[in-house]
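J.: Remember, our numbering sits 15 above the position in the sequence shown when you count from 1.
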Amino acid sequence: MVERLVSLSVGIMLSTSLLHALPEAFESKADTHTLFATLLGGLLGFFLLEKFAILRHSHHHEGDGHDHAHGHDAHEAGKSGWMILVGDGLHNFSDGILIAAAFLANPKLGIVTGLAIIAHEIPQEIGDFIVLLNAGFSRARAYLFNLGCSLMAILGGLLGYFTLGHAEGLIPYVLVFASSGFIYIAVSDLMPQMQRRATLRETIPQILLVALGVGIVLFLTGQGHRH
């Protein structure tokens, strides 16, 4: 099920970015060169953020042959659990701001942006839940902390709505930055996961689900980007 959601997410995120959010931003009165610079900065920024997270994330486990004192890995797993929660809360907060910006630009764009975020967040939250369990959290605590992090999106949405509503000139740049995140996640994270299942039997459903994701976005936005 999670693998299917990954393929669907790719179609939704790429089509939302390339067919709607970016055209919406570039058809505004914002400076084109600055928008492209924002896109470049966003892609490089997400790359650096991922690097930062990878360099500080523990990938070993008790008994994997690494020479650590007993209990070291459990302690590291606990720390990584709290890091996951902090990172997830900030990520959801920024997602709320992005959804607010999309709705302010175009209600249909807001709908597909929210759908793109949901499609990506479901498998990510499942993964985070498993990481928290491995870090020693009980099921109840892992669920409650995950729920609390998810509610950060509401705070971000409210802040974005009231802030960007009075600074409409920033909306195109927020849309471009959001698109850079969608494109980076789809190309550097989700699509490599899909490539690990390279047999024809697994590839055909992936292609169909990507196409379904694109079709959903086109259907919800009236078959394309129009003014």
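We put the CB at the ideal spot given by N, CA and C, even for glycine.
Roughly how many angstroms separate the alpha carbons of G184 and H48, rounded to a whole number?
T.: Cα-Cα distance, rounded: 15 angstroms.
J.: Do K66 and L235 have their C-beta atoms within less than 8 angstroms of each other?
T.: Taking 8 angstroms as the Cβ cut-off, K66 and L235 do not qualify as a contacting pair.
J.: From H106, I126, L105 and G104, pick the residue whose C-alpha is nearest to that of I114; which is it?
T.: Minimum Cα distance to I114 is reached at I126.
J.: If we ignore side chains and look at the alpha-carbon of each, how far apart do I141 and A134 end up?
T.: So the two alpha carbons sit approximately 12 angstroms from each other.
J.: Which term fits L55, buried or exposed, when burial requires 16 or more other beta carbons within 10 angstroms of its beta carbon?
T.: Counting Cβ neighbours within 10 Å, L55 comes out exposed, since fewer than 16 surround it.
J.: Taking A131 as the reference, which of D103, V189, A150 and I200 has the closest Cα?
T.: When only C-alpha atoms are compared, the closest one is I200.
J.: At a cut of 8 angstroms, does the region 172 to 180 reach the region 26 to 35 through at least three beta carbon pairs?
T.: Touching, no, given that fewer than three Cβ pairs across the two stretches are closer than 8 angstroms.
J.: Can you tell me the Cα-Cα spacing of L100 and A150, whole angstroms?
T.: Whole-angstrom Cα-Cα distance: 11 angstroms.
J.: Hey, L23 and G228: beta-carbon distance below 8 angstroms or not?
T.: A contact, by the Cβ cut-off of 8 angstroms.
J.: Reducing DSSP to helix, strand and coil, say where S24 ends up.
T.: Of the three classes helix, strand and coil, the one that applies to S24 here is helix, per DSSP.
J.: Kindly indicate which three-state DSSP category D46 falls into: helix, strand or coil?
T.: Here D46 sits in coil by DSSP.
J.: Leaving aside the five residues before and after P187 along the sequence, list all residues of the same chain whose C-beta is less than 6 angstroms from its C-beta, in chain order.
T.: Taken in chain order, the residues that qualify are A40, S43 and A45.
J.: By Cβ distance below 8 angstroms, which residues in the same chain neighbour F144 in space, the five residues on each side in sequence not counted?
T.: Closer than 8 angstroms at Cβ, skipping near neighbours: A157, Y158 and N161.
J.: Taking the alpha helix (DSSP H) that I200 falls in, what are its first and last residues?
T.: From DSSP, I200 is part of no alpha helix (DSSP H); its letter is neither H nor E.
J.: The alpha helix (DSSP H) spanning E140 covers which residue range?
T.: E140 -> alpha helix (DSSP H) spans P122 to N149.
J.: Out of N121, L34 and T128, which has the shortest C-alpha to C-alpha gap to D110?
T.: That would be T128, whose Cα lies nearest to the Cα of D110.
J.: For T53, which option in I231, P138, P207 and L190 has the closest C-alpha, if you only look at C-alpha atoms?
T.: Nearest C-alpha to T53: L190.
J.: Tell me, to the nearest whole angstrom, how far the beta carbon of V232 is from that of L34; I am working on the premise that it is less than 8 angstroms.
T.: Contact flag correct, Cβ pair sits at about 7 angstroms.
J.: Are there 16 or more other CB atoms within 10 angstroms of the CB of F62, so buried, or fewer, so exposed?
T.: Flag for F62 reads exposed.
J.: Excluding the 5 residues preceding and the 5 following F118 in the sequence, name in chain order all residues of the same chain whose CB lies nearer than 7 angstroms to its CB.
T.: Cβ neighbours of F118 beyond the five flanking positions: G125.
J.: Output the distance between the C-alpha atoms of L174 and S165, rounded to the nearest integer angstrom.
T.: Those two C-alpha atoms are separated by around 15 angstroms.
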